[in-house]
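Q: One structure is given below, represented as structure tokens, and several questions about it will come after.
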Amino acid sequence: MAPNPPLTDKETQLIEAYQRILNDPFEDKYEDRWQDEPFDRAVEEFKARALEIGFAEPLDLLKQFRVDSYETVRQQHKQGPALCFRPGWKSDLLGQLVDPLALIAKCHYVSGPKFTGKGRVIVLDFWASWCDPCVQAGPGMSDLADEFEGRISVVGINNESIFGDTKPGDVDQLNEFLDDNREGFRYTIYIDNDEGHAKETVYNPGGYRGIPCVILLVDGIVTYVGSPQENFRPILEQTLAFLEAEALREE
């Protein structure tokens with residue numbers, strides 16, 4: 001399927017108006033904070049702005065971005081984001097024990113240094129090749145593995161059906177992707193097994209409904225579940241500093 005052509009200036013203005021008028025003001029107004037009247041006024045304001053820009057039917061463009069009606073937008077805002085994307089969320093997996101060697105033993109090796117199970121700090125990175133944020137995060141994960149080499153192990157776990165019914169992974173297809181993106185994915189990569197073992201036993205119980213999703217293990221204990229782009233790095237650095245200070249005290 002051919003990609004959509006780049007947005008024109010007017011189309012960009014319409015998208016910006018949608019974000020400013022119909023999206024941003026209502027991001028934190030879900031559930032018992034929701035009121036229909038402000039949203040109704042915002043819809044009329046957006047329609048007027050769309051006409052000024054030159055769109056009598058702005059939904060014709062917005063359908064490209066899965067906005068098929070104002071009622072759909074209303075219901076999405078009223079429902080609010082998934083629990084894992086709300087302030088204060090904590091994964092039920094925190095504090096639980098995960099055996100990384102047993103987990104990876106059920107996955108299929110694809111590329112990068114093979115995981116040996118050695119080391120106290122393990123970063124599991126769940127991702128899929130169709131996920132743009134995952135592809136964008138790949139170089140950062142590779143740099144992280146290089147920067148902290150010998151202090152952490154970074155293990156990517158690919159699962160192309162991570163959000164749906166589990167389907168067997170395609171190693172050849174993944175290798176083709178990695179051949180085209182080798183520089184961005186230099187760290188250890190495994191693919192989940194046909195039963196989706198890593199997905200079912202670690203990713204799903206973690207409760208984070210997005211990818212890329214990193215899970216930080218310290219001596220097998222889960223200490224972080226979530227995006228690698230948020231506060232993951234400070235937590236990793238604090239963890240390493242604590243472990244290294246602990247090692248010095250024991251000398």
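Once you know that position 79 of the sequence shown is 79 in full-length UniProt numbering, the rest is easy, because the numbers rise by one and skip nothing. From the three backbone atoms N, C-alpha and C, an ideal C-beta is built for every residue, glycine too. This structure is a prediction, so every number in the text was calculated from the model and none was measured.
Look at the alpha carbon of Glu44 and the alpha carbon of Arg74, and state the distance between them as a whole number of angstroms.
A: Taking the straight line from one Cα to the other gives about 13 Å.
Q: Given that a residue counts as buried once 16 or more other Cβ atoms are within 10 Å of its Cβ, and exposed if not, what is Gly150?
A: With fewer than 16 other Cβ atoms within 10 Å, it is exposed.
Q: Just confirm the distance between the C-beta atoms of Ile122 and Ser153, as a whole number of angstroms; I'd bet it's less than 8 Å.
A: That pair is a contact at about 5 Å.
Q: Considering only the alpha carbon of each residue, which of Glu183, Ser111 and Phe177 lies closest to Cys131?
A: For Cys131, the nearest C-alpha among the options comes from Phe177.
Q: Ile215 lies in the beta strand (DSSP E); which residues open and close that run?
A: Residues Cys213 to Val218.
Q: Could you tell me whether the Cβ atoms of Pro228 and Ala137 are closer together than 8 Å?
A: Result yes, Cβ atoms of Pro228 and Ala137 sit closer than 8 Å.
Q: Let's test the definition: count the other Cβ atoms within 10 Å of the Cβ of Asn159 and tell me whether it reaches 16, buried, or not, exposed.
A: Buried, by the Cβ-count rule.
Q: Taking the alpha carbon of Tyr109 as the point to measure from, which residue in Gln79, Gly169, Arg120 and Leu59 has its own alpha carbon closest?
A: Cα-wise, what sits closest to Tyr109 is Gly169.
Q: Using alpha carbons as the reference points, say which of Val98, Gly156, Cys84 and Glu52 lies closest to Leu14.
A: When each option's Cα is compared against that of Leu14, the closest is Glu52.
Q: Are the beta-carbon atoms of Tyr18 and Gln79 separated by less than 8 Å?
A: Not closer than 8 Å, so no.
Q: Enumerate in chain order the residues of its own chain whose CB-to-CB distance from Asn193 is below 8 Å, with the five nearest sequence positions on each side excluded.
A: Contacts found: Lys106, Cys107, His108 and Gly169.
Q: So, using beta-carbon positions, are Val155 and Ile104 closer together than 8 Å?
A: Cβ atoms of Val155 and Ile104: closer than 8 Å.
Q: What residue ranges within the UniProt domain "Thioredoxin" (92–248) form continuous alpha helix (DSSP H) runs of no fewer than 4 residues, ordered along the chain?
A: Those alpha helix (DSSP H) runs which fall completely within the UniProt domain "Thioredoxin" (92–248) and span 4+ residues are 100–105, 132–147 and 171–180.
Q: Mind checking which residues open and close the alpha helix (DSSP H) that includes Arg41?
A: Taken as a continuous stretch (DSSP letters only), the alpha helix (DSSP H) holding Arg41 covers Asp36 to Ile53.
Q: Starting from Tyr30, trace the alpha helix (DSSP H) both ways and give me its first and last residue.
A: Tyr30 -> no alpha helix (DSSP H), and no H or E assigned at all.
Q: Name the residue from Leu240, Gly220 and Glu230 whose alpha carbon lies nearest to the alpha carbon of Phe85.
A: If we check each option's Cα against that of Phe85, Glu230 comes out closest.
Q: Straight-line CA distance for Glu183 to Pro139?
A: Between Glu183 and Pro139, the C-alpha separation is close to 7 Å.
Q: Could you give the distance in angstroms between the alpha-carbon of Tyr187 and the alpha-carbon of Glu200?
A: Answer to the nearest angstrom: the Cα atoms are 23 Å apart.
Q: Going by alpha carbons, who is nearest to Leu62 out of Asp146, Leu22, Phe232 and Thr223?
A: Among Asp146, Leu22, Phe232 and Thr223, the Cα nearest to that of Leu62 belongs to Leu22.
Q: Confirm, please, whether the CB-CB distance from Tyr203 to Ile162 is below 8 Å.
A: Yes, these two residues count as a Cβ contact at 8 Å.
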